[in-house]
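Numbering-wise (our numbering), the sequence shown opens with residue 38 and increments by one. Ideal placement from N, C-alpha and C gives every residue a C-beta, glycine not left out. In this text the structure is predicted, and so the values were computed from the model without any measurement. Here is the structure we will look at.
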Amino acid sequence: LQTLVCQYSFIPPYLPPDWEIAHRCGGLDAPENSVEAARLAAEHGARWVELDISFSKDGVAVAFHDSSMERLTSLTGDITSFPYSQLAGEDLALKHNSSTPGPVAIPRVEQVLEEAARHGLKVILDLKTWRSPGQTVELVLQLYRDFPWLETRGMVTTFHPHLAYLLRRRRPTIVTAVSVDRRWPQLVELGLWRLLGFSAVLASKELVTEQLRDFWLERGVRLMAWTVNDEQEKRSMKEMRIQILTDTVTVT
């Protein structure tokens, strides 16, 4: 599969004005992955948001990161154990330390995309749905039909490369990325890129170096670092001309 060069690609030494991406829509500034977080990220100057996709028990795609519910809600157990009607009744503001007034609902993915569209945001969809590959592919294809602007302002990433492979087999024009941490960066370098044709690597910040940036730049692939919240670390990444995912947007 061919690597797609995004229309919003950049080449060092230049940095785009949208170099800070609101990770989980800016999960320190407002309850993560919520419509309210996406709105606040835009108000803070973000031009990208990243959101996670999970499935409820009844197959509704929701913007939610964890497989278990305990960290963010009053529920206990796997997210796939609860129908969307029950998830929608949870208030994400109760366990969040921001001043965001509640209730803040667990949104359907479409609701976050609608908010992103209102602000002209670019979007990274992070697939946490590796246990349901067929359902995942059909969902993403439907989202690209319902929100055609995703074709030029969207990107799909995952820690599970088989999802990206299945997706691009069905729709090769979708821009994809692969997320990596210390468990398997070499695997990406040794061949996944040739197989999948991904356009970006979202790497855990401790893996990021100028050498890694240049390795991918030579292949037309953008390197991004997650999760960078400390201001000194942000400055360091900016000096290296590395785009970042951050839980707290400080563009303005």
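Q. Would you report the Cα separation of LEU200 and THR173, rounded to the nearest angstrom?
A. Rounded to the nearest angstrom, the two C-alpha atoms are 8 Å apart.
Q.
Tell me the DSSP secondary structure of GLN280 in three-state form.
A. Note: GLN280 maps to strand in three-state DSSP.
(Q) Pop quiz: LEU65 and ASN266 are said to be a contact at Cβ under 8 Å. What is the actual Cβ separation, rounded to whole angstroms? (A) Contact check for LEU65 and ASN266: beta-carbon distance about 7 Å, within the 8 Å limit, so the pair qualifies.
Q.
What does the alpha-carbon distance come out to for the pair ALA78 and SER93?
A. So the alpha carbons of these two residues sit roughly 26 Å apart.
Q: Could you pull out every residue in the same chain whose Cβ sits closer than 7 Å to the Cβ of ARG145, ignoring the five residues on either side in sequence?
A: Only VAL97, ALA98, VAL99 meet the Cβ criterion.
Q) Quick one, which of THR213, ASP163, SER111 has its alpha-carbon nearest PHE101's? A) Considering only alpha carbons, the answer is ASP163.
Q) According to the Cβ coordinates, are ASP218 and SER236 closer than 8 Å? A) Taking a C-beta distance under 8 Å as the contact criterion, ASP218 and SER236 do not qualify as a contact pair.
Q. So, GLY114 versus SER105, is the Cβ gap smaller than 8 Å?
A. Yes, the pair counts as a contact, with Cβ atoms nearer than the cut-off.
(Q) I'd like the ranges of any beta strand (DSSP E) spanning at least 3 consecutive residues and lying wholly in the segment 195-282. (A) If one requires a minimum length of 3 residues, the beta strand (DSSP E) runs lying completely within the segment 195-282 are 213-217, 237-241, 259-263, in chain order.
Q | Best match in GLY82, GLU73, VAL86 for proximity to ARG190 [C-alpha to C-alpha] | A | Nearest option by C-alpha distance: VAL86.
Q: Confirm, please, whether the CB-CB distance from VAL160 to LEU150 is below 8 Å.
A: In this structure, VAL160 lies closer than 8 Å to LEU150 by Cβ.
Q) With C-beta atoms as the reference, is VAL286 less than 8 Å away from GLU57? A) Taking 8 Å as the Cβ cut-off, VAL286 and GLU57 qualify as a contacting pair.
Q. By how many angstroms is the C-alpha of PRO120 removed from the C-alpha of GLN269?
A. Inter-residue distance for GLN269 and PRO120 is about 42 Å (C-alpha atoms, whole angstroms).
Q: Could you tell me whether the Cβ atoms of LEU233 and ARG206 are closer together than 8 Å?
A: No, the pair does not count as a contact, with Cβ atoms beyond the cut-off.
Q | Nearest-angstrom Cα separation, counted from TRP263 out to PHE184 | A | A straight-line Cα-Cα distance of about 26 Å links PHE184 and TRP263.
Q: Please report the residue range of the alpha helix (DSSP H) in which SER122 lies.
A: For SER122, the enclosing alpha helix (DSSP H) stretches over residues 121-124.
Q. Under a three-way DSSP split, which group does GLY315 fall into?
A. Residue 315 lies beyond the range of the chain shown here (38 to 289); nothing can be said about it.
Q: Find the nearest neighbour of GLU127 within the set SER216, THR117, LEU112, SER135, judged by alpha-carbon distance.
A: That would be LEU112, whose Cα lies nearest to the Cα of GLU127.
Q.
On the CB-based measure, 16 or more other CB atoms within 10 Å of its CB, does TRP230 come out buried or exposed?
A. TRP230 comes out buried.
**Q.** Between the CA atoms of LEU124 and VAL238 - distance to the nearest angstrom
**A.** In this structure, the alpha-carbon of VAL238 lies about 32 Å from that of LEU124.
Q: In angstroms with no decimal places, state the Cα-to-Cα distance between PHE47 and LYS271.
A: Note that PHE47 scores 35 on pLDDT, short of 50, meaning its location in the model is unreliable; the coordinates nonetheless yield the value given after this. When rounded, the distance between both Cα atoms is 18 Å.
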